[in-house]
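Trainee:
Numbering (this note's numbering), first residue to last: 14 to 455.
1. Taking the C-alpha atoms as reference points, what is the distance between residue 234 and residue 253?
2. Between the C-alpha atoms of residue 279 and residue 335, what's the straight-line distance to the nearest angstrom?
3. Given this structure, state the Cα-to-Cα distance separating residue 145 from residue 23, to the nearest angstrom.
4. When DSSP labels each residue in this structure, what does residue 88 get in the three-state scheme?
5. How would you call residue 132, buried or exposed, if buried means at least 16 neighbouring beta carbons within 10 angstroms?
6. Who are residue 295's beta bridge partners in DSSP?
7. Identify, in the order they occur along the chain, each residue of the same chain with its Cβ nearer than 6 Å to the Cβ of residue 147, setting aside the five sequence neighbours on each side.
8. So the candidates are 251, 108 and 322; which of them puts its Cα closest to the Cα of residue 200?
9. What are the boundary residues of the beta strand (DSSP E) that residue 331 is part of?
10. Is it the case that the Cβ atoms of residue 137 and residue 249 are separated by a distance below 9 Å?
11. Out of 171, 166, 73 and 288, state which residue places its alpha-carbon closest to the alpha-carbon of residue 124.
12. Please confirm if the segment 48-68 is in contact with the segment 181-196, defined as three or more CB-CB distances below 8 Å between the two stretches.
13. Between residue 333 and residue 322, what straight-line distance do the alpha-carbon atoms span, to the nearest angstrom?
14. Quick one: what's residue 341 bridged to in DSSP?
15. Which of the three DSSP states, helix, strand or coil, is assigned to residue 183?
16. Identify the residues that DSSP records as bridge partners of residue 289: which are they?
17. Using three-state DSSP, classify residue 160 as helix, strand or coil.
18. Hey, quick one: how far does the alpha helix (DSSP H) through residue 248 stretch, first residue to last?
19. Since residue 25 is in the alpha helix (DSSP H), which residue starts that stretch and which ends it?
20. Within the same chain, show all residues whose beta-carbon is closer than 7 Å to that of residue 169, passing over the 5 residues directly before and after it, in chain order.
21. Assuming contact is defined by CB atoms lying nearer than 9 Å, are residue 308 and residue 319 in contact in what I supplied?
22. Tell me whether residue 388 sits in a helix, a strand or coil according to DSSP, three-state version.
If you want it as structure tokens, here you go:
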């Protein structure tokens, strides 16, 4: 044990110094020999360490999401090179390099926190064995051995015998009850943290093996904490319970304000953002602008929750901009709809097409202003037509009010054929339905 303690001496001394400094502050409030003074010193140490690890936690979130995004590509590589492990590893490393993702980044907070955990463990073990360690001298050691948390000494363990517990000035029942409750709380907080990550902050549109691994860890980690927890001193249990509660609160904040795209948490966040933006008419916080900017930049690659958000803004007369801001817009402003077409374009397509001359003369639907020409056309097609110049002139005048093609005048009308009828009067039209032929003049 001394050899292991010497290996962690580079971190044991700073950890013990921080605990002593916090103890000096809390000792003036609660008394130097109380469990509150020493227990709050450990809690303050945890909070200080976790604040320093926030940048690593942010990097962990980004790495975890990047790994979730790469899961489909990783699965393809595994299937393609399932018989060549070396080539599979090379392709995996190439994929990580191209995407700028490091699989170990998701473990950075745990790895960075491990030295502090071992240092605190050896400090508390020194208190239990009556050995000075770091900057904890004889007087501080005696004060720490007197400190009890709910009747359990800081250095007592669940597996300790009655003789050792009595030497620390406590009863075996108190130690077993306190340590059992703390182990249950520690495992329960770990389980809840992992569960909310799986149920609320996972992209439900992508089914990957990564989700199965996370689900397995959700049950494995609490069991591991329970098994190892019975060998931890009370002070270490205070440390782990505090860090688990911190992680749970930190995770809840991240899920609420920066959810994973495609997850249930994103749907709830976008509903709140829609209500907020439509009420104020703009994005007010930087985080909101960042989310809106990312959604606008996706274009047609938006998921169903993001499309619903854009459509809700459009219905409220608002338009999301590329810089993340939201401005008021008119009905004809460019606003992306579900099918990727602008609202103005959709309105234009709904206008009825203008009918051609052949359609109007074939008896199709006509505007109210064309009723006169419809009657004229009907009378021409259903009655015998004279081959006199006056008849040709009348026919051309009746058709001259049509809006598209210029009609020949009486002087320019083509001469009638052998039957005394022109091509226009016979009802024949290029590319259109044919008129019934009028009976020939006898």
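The C-beta atom is built at its ideal place from N, Cα and C for all residues, glycine as well. These numbers come from a predicted model, not from an experiment.
Mentor: For this structure:
1. Position 221 of the chain shown, counting from 1, holds the residue named residue 234. Position 240 of the chain shown, counting from 1, holds the residue named residue 253. The alpha-carbon atoms of residue 234 and residue 253 are separated by roughly 13 Å.
2. Mapped onto the chain shown, residue 279 falls at position 266. Mapped onto the chain shown, residue 335 falls at position 322. Taking the straight line joining both Cα atoms gives about 20 Å.
3. Within the chain shown, the letter at position 132 stands for residue 145. Within the chain shown, the letter at position 10 stands for residue 23. So the two alpha carbons sit approximately 16 Å from each other.
4. Counting from one through the chain shown, the residue named residue 88 turns up at place 75. Reduced to three states, the DSSP call for residue 88 is helix.
5. For the purposes of this step, residue 132 is taken as residue 119 along the chain shown, with counting starting at 1. Result: buried.
6. Residue 295 sits at position 282 when you count from the first residue of the chain shown. Answer by DSSP bridge pairing: none, since residue 295 is not bridged.
7. Along the chain shown, read from residue 1 onward, the residue named residue 147 stands at position 134. Excluding positions up to five away in sequence, the list reads 25, 26 and 29.
8. On the chain shown, residue 200 is found 187 positions in, with the first residue counted as 1. For residue 200, the closest of 251, 108 and 322 by C-alpha to C-alpha distance is 251.
9. By one-based count along the chain shown, residue 331 stands at place 318. Unbroken beta strand (DSSP E) run through residue 331: 331-333.
10. Within the chain shown, the letter at position 124 stands for residue 137. Within the chain shown, the letter at position 236 stands for residue 249. Yes, the pair counts as a contact, with Cβ atoms nearer than the cut-off.
11. Sequence index remark: in the chain shown, residue 124 carries index 111 (1-based). Answer by Cα proximity: 73.
12. no
13. Here residue 333 refers to the residue found at position 320 when the chain shown is read from its first residue. Here residue 322 refers to the residue found at position 309 when the chain shown is read from its first residue. Cα to Cα, residue 333 sits roughly 10 Å from residue 322.
14. By one-based count along the chain shown, residue 341 stands at place 328. 331.
15. Numbered from 1 along the chain shown, position 170 holds the residue referred to as residue 183. In the structure shown, residue 183 sits in coil (DSSP, three-state: anything other than H, G, I, E or B).
16. Counting from one through the chain shown, the residue named residue 289 turns up at place 276. The partner list for residue 289 (beta bridge, DSSP) is empty, contrary to what the question assumes.
17. Position 147 of the chain shown, counted from the start, is the residue given in the question as residue 160. It is coil, neither helix nor strand.
18. Taking the chain shown and counting its residues from 1, one reaches residue 248 at position 235. Counting along the chain, the alpha helix (DSSP H) containing residue 248 begins and ends at 247-270.
19. Stepping through the chain shown from its first residue, residue 25 is reached at position 12. Its alpha helix (DSSP H) spans residues 22-43.
20. Indexing the chain shown from 1 puts residue 169 at position 156. If we look at residue 169 and ignore the five residues flanking it on each side, its Cβ neighbours are 178, 181, 183, 188, 246 and 247.
21. One-based indexing of the chain shown puts residue 308 at position 295. One-based indexing of the chain shown puts residue 319 at position 306. Yes, Cβ-Cβ distance for residue 308 and residue 319 is below 9 Å.
22. For the purposes of this step, residue 388 is taken as the residue at position 375 of the chain shown. Unreliable positioning characterises residue 388 in this predicted model, as indicated by a pLDDT of 38, which lies under 50. A coordinate reading is not provided.
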